[in-house]
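Visitor: This is the structure I have questions about; it appears just below.
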Amino acid sequence: MVFRDVDEIAEDVYRRSSARLSELRAANQRMAAESRALTEQTAGKIRQTVERAENETRKAGRSLDDQSTVLGDERSALAEPVQPGAGDLYDQREAIARSVAARRSGTVVTPIDDDGDDEGEYYRRKSWLV
């Protein structure tokens, strides 16, 4: 009689653990699918930024050969497989794409925190021959 109770408890524990394991597998599959979708979305945004920068460069009359080293590095970064959970890597890639686009635009960008301080003007002067 005691063995029967132990057997029932063991079966109940086995059944519950199997249910939890199947829930964990389903959650892992959902997270993997979401990770793949985010990876594709981020890669698409980076490609759009690169294409936009290329178009702006063409419009500005500059040759793309001058920018080929930067484009090559960025395209190789796009081709690298991205591992799930690498959130910092996404942020870095987006920052790289933004900086490349800003560099290619050829426009002068004022820093966000620039409040017109005199020291900043001193360091941004065109000639250092005083």
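Residue 157 is where the sequence shown ends in the working numbering, and the numbering goes up by one at each step.
All C-beta atoms in this analysis are idealised placements derived from N, C-alpha and C, irrespective of residue type, glycine included.
Just so it is clear, the structure is predicted and the values come from calculations on it, not from any experiment.
Can you list, in chain order, the residues of its chain whose CB lies under 7 Å from that of Val97, leaving out five sequence neighbours each side?
Guide: As a position in the sequence shown, residue 97 is number 70, starting the count at 1. Confidence in Val97 is poor, its pLDDT being 49 and thus under 50, which makes the residue's placement too unreliable to answer from.
Visitor: Let me make sure I understand the geometry here. Which of Ala54, Ala80, Gln56 has the alpha-carbon closest to that of Ser132?
Guide: Along the sequence shown, one-based indexing puts residue 132 at 105. Of the candidates Ala54, Ala80, Gln56, the one whose C-alpha sits nearest the C-alpha of Ser132 is Ala80.
Visitor: Whose C-alpha, out of Asp32, Ile73, Gln56, is nearest the C-alpha of Arg120?
Guide: Here residue 120 is taken as the residue at index 93 of the sequence shown, counted from 1. Looking at the Cα atoms, Ile73 is the closest of the given residues.
Visitor: If you draw a straight line from the alpha carbon of Leu84 to that of Ala54, how long is it in whole angstroms?
Guide: Here residue 84 refers to the residue found at position 57 of the sequence shown. Here residue 54 refers to the residue found at position 27 of the sequence shown. One detail in the question is off: residue 84 reads as Thr in this sequence, not Leu. Those two C-alpha atoms are separated by around 45 Å.
Visitor: Could you please give the first and the last residue of the uninterrupted alpha helix (DSSP H) stretch that includes Ser126?
Guide: Residue mapping note: residue 126 aligns to position 99 of the sequence shown, counting from 1. That run of the alpha helix (DSSP H) goes 114-132.
Visitor: Since Ala124 and Thr76 should fall inside the 8 Å C-beta cutoff, what is the C-beta to C-beta distance between them, to a whole number of angstroms?
Guide: Residue mapping note: residue 124 aligns to position 97 of the sequence shown, counting from 1. Residue mapping note: residue 76 aligns to position 49 of the sequence shown, counting from 1. Contact between Ala124 and Thr76 is confirmed by a C-beta separation of about 4 Å, below the 8 Å threshold.
Visitor: By DSSP, does Gly88 sit in helix, in strand, or in coil?
Guide: Taking the first residue of the sequence shown as 1, we reach residue 88 at position 61. Three-state DSSP puts Gly88 in coil, outside helix and strand.
Visitor: Between Asp39 and Ala70, what straight-line distance do the alpha-carbon atoms span, to the nearest angstrom?
Guide: Taking the first residue of the sequence shown as 1, we reach residue 39 at position 12. Taking the first residue of the sequence shown as 1, we reach residue 70 at position 43. Looking at the two C-alpha atoms, the distance is approximately 47 Å.
Visitor: Nearest to Arg130 by CA position, among Glu67, Leu51, Ala87, Ser49, is which residue?
Guide: Translated into positions along the sequence shown, residue 130 becomes position 103. From the listed residues Glu67, Leu51, Ala87, Ser49, the smallest Cα separation to Arg130 is found for Ala87.
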